[in-house]
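Step one of this worksheet: look at the structure below.
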Amino acid sequence: MTTLDVEELDDRVVVTLRRPEARNAINAAMAAELHEVCAALEAKPRLLLITGADGTFAAGADIGELRERGRDQALQGINRRVFDRIAKLPLPTVAAVDGYALGGGAELAYACDLRLASPTAVFGNPEPGLGILAAAGASWRLRELVGGSVAKQVLLAGKRLDADDALRFGLVAEVVPAGELITRAHALLDRMSRSGALALRLTKLVADGDGHPLTDDLAQAVLFETDDKRDRMDAFLAGGRS
Ligand code: COA
Numbered sequence: 001m002t003t004l005d006v007e008e009l010d011d012r013v014v015v016t017l018r019r020p021e022a023r024n025a026i027n028a029a030m031a032a033e034l035h036e037v038c039a040a041l042e043a044k045p046r047l048l049l050i051t052g053a054d055g056t057f058a059a060g061a062d063i064g065e066l067r068e069r070g071r072d073q074a075l076q077g078i079n080r081r082v083f084d085r086i087a088k089l090p091l092p093t094v095a096a097v098d099g100y101a102l103g104g105g106a107e108l109a110y111a112c113d114l115r116l117a118s119p120t121a122v123f124g125n126p127e128p129g130l131g132i133l134a135a136a137g138a139s140w141r142l143r144e145l146v147g148g149s150v151a152k153q154v155l156l157a158g159k160r161l162d163a164d165d166a167l168r169f170g171l172v173a174e175v176v177p178a179g180e181l182i183t184r185a186h187a188l189l190d191r192m193s194r195s196g197a198l199a200l201r202l203t204k205l206v207a208d209g210d211g212h213p214l215t216d217d218l219a220q221a222v223l224f225e226t227d228d229k230r231d232r233m234d235a236f237l238a239g240g241r242s
């Protein structure tokens, strides 16, 4: 890996975006390496924590590369496809955002299931200022996360959401000092790691699905037959608490 630090643990993978010369801007190499991380997580489902090095999450897609891309590259959806793949990973994903998460960097954070921020976090989608649109998920994901009015302020009026805004609008779960951000993110992952992995996986599938009650019943039917469910309920009934 040349653009990512990847730490593989038993129950989680920690990815740090690292292109200090470009404020961790997402170039094609980083997108390809994120695909490699996704392939590993699809093969062996684990939680994912994504963060950025040196006080920046990611300052966008790499503008030098964007400048040279034409219609055919846009139609390949280079960033969109990897962000969609991240959004569909089997187990929950958390973005720990310190500093700028702009453009494609913001879209990467939007694609995660949960976001934590440091007080210096700034989310924004300045793409129209560069003569393009935010085509890697912001146009619809941001609306789902913060509602249409705030999303249009960001997408159309260039509003940047600071950490307080992000907390107020529900974009981030918590704002914690930069020095505690990763520890807090791990604590959140620890909490999820204590749940049943298949239960988490199916919850994510149905929560991201179209909400058909039959799907919920079928997912629950699978879970009701597991030893994990029986063991956890036995432990509860015996006085243990998870
Ligand atoms: N793509 C490519 N390079 C980028 C980049 C991006 N998205 N964002 C920053 N960089 C590069 C800068 O060109 C600069 O390179 P240089 O040192 O060779 O001149 C380096 O990273 C540091 O950036 P700089 O602007 O000097 O840092 P800053 O702390 O003053 O400002 C930002 C940080 C994030 C506010 C500013 O870099 C910025 O506005 N970046 C672009 C944001 C954007 O429009 N993103 C959407 C892209 S779709």
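In this text, residue positions in the sequence shown follow UniProt numbering: the first is 1, and each later residue adds one. Backbone N, C-alpha and C define an ideal beta-carbon position, used for all residues, glycine too. For clarity, every value in this text was computed on a predicted model and none was experimentally measured.
For residue j and residue i, believed in contact at Cβ under 8 angstroms, the rounded distance
i: Leu189; j: Leu47; result: 5 angstroms
i: Pro119; j: Val206; result: About 35 angstroms; that fails the 8 angstroms criterion.
i: Gly99; j: Gly60; result: That pair is no contact at about 13 angstroms.
i: Ala28; j: Glu68; result: Wrong, their Cβ atoms sit about 11 angstroms apart, outside the cutoff.
i: Ala134; j: Leu155; result: 6 angstroms
i: Ala111; j: Asp62; result: That pair is no contact at about 18 angstroms.
i: Lys204; j: Asp113; result: 7 angstroms
Beta-carbon gap between residue i and residue j smaller than 8 angstroms
i: Leu91; j: Pro45; result: yes
i: Arg115; j: Ala199; result: no
i: Thr51; j: Ile182; result: yes
i: Ala53; j: Asn24; result: yes
i: Ala117; j: Val97; result: yes
i: Val122; j: Arg85; result: no
i: Gly104; j: Ala58; result: yes
i: Val13; j: Ala31; result: no
i: Gly129; j: Gly158; result: yes
i: Leu102; j: Gly124; result: yes
i: Leu171; j: Leu145; result: yes
i: Ala151; j: Arg143; result: yes
i: Gly196; j: Arg232; result: yes
Backbone secondary structure at residue i - three-state DSSP
i: Phe57; result: coil
i: Val175; result: strand
i: Asp234; result: helix
i: Asp113; result: coil
i: Glu225; result: coil
i: Thr93; result: strand
i: Thr215; result: helix
i: Thr16; result: strand
i: Leu205; result: helix
i: Ala187; result: helix
i: Asp5; result: strand
i: Gly77; result: coil
i: Ala101; result: strand
i: Gly129; result: helix
i: Gly64; result: helix
Contact test: residue i Cβ vs the ligand HEM heavy atom, cutoff 7 angstroms
i: Arg80; result: Among the ligands in the structure shown, the ligand HEM does not appear; only the ligand COA can be found there.
Proximal residues to residue i (C-beta, below 7 angstroms), its chain only, five neighbours per side dropped
i: Leu202; result: Ala219, Val222, Leu223
i: Ala106; result: Phe123, Gly124, Asn125, Ala138
i: residue 252; result: Past the boundaries of the shown model lies residue 252; the chain is included only from 1 to 242, so the question cannot be answered.
i: Pro8; result: Sequence inspection shows Glu at residue 8; the Pro mentioned does not correspond to that position. Nothing listed; no residue qualifies.
i: Ala87; result: Ala111
Cutoff 6 angstroms; reference residue i; Cβ partners in own chain excluding five residues on either side
i: Leu34; result: Val82
i: residue 269; result: Beyond the ends of the chain as shown, which are 1 and 242, falls residue 269; an answer cannot be given.
i: Asp228; result: Gly196
Same chain, Cβ closer than 8 angstroms to residue i, neighbours up to 5 away in sequence not counted
i: Gly179; result: none
i: residue 243; result: No statement about residue 243 is possible, as the shown extent of the chain runs from 1 to 242 and does not include it.
i: Ala185; result: Leu49, Thr51, Val94, Ala96, Leu116
i: Val37; result: Leu4, Val6, Val13, Val15, Leu48
i: Leu89; result: Cys38, Leu41, Glu42, Pro45, Leu48
C-beta neighbour in chain D for residue i, strict 8 angstroms
i: Met1; result: Any reference to chain D falls outside this structure, which holds one protein chain only.
Exercise. Unbroken alpha helix (DSSP H) runs of length 4 or more, entirely within the region 26-51: which are they?
Worked result: 28-43
Exercise. Along the chain, which unbroken stretches of the beta strand (DSSP E) at least 3 residues long are found entirely within the region 131-174?
Worked result: none
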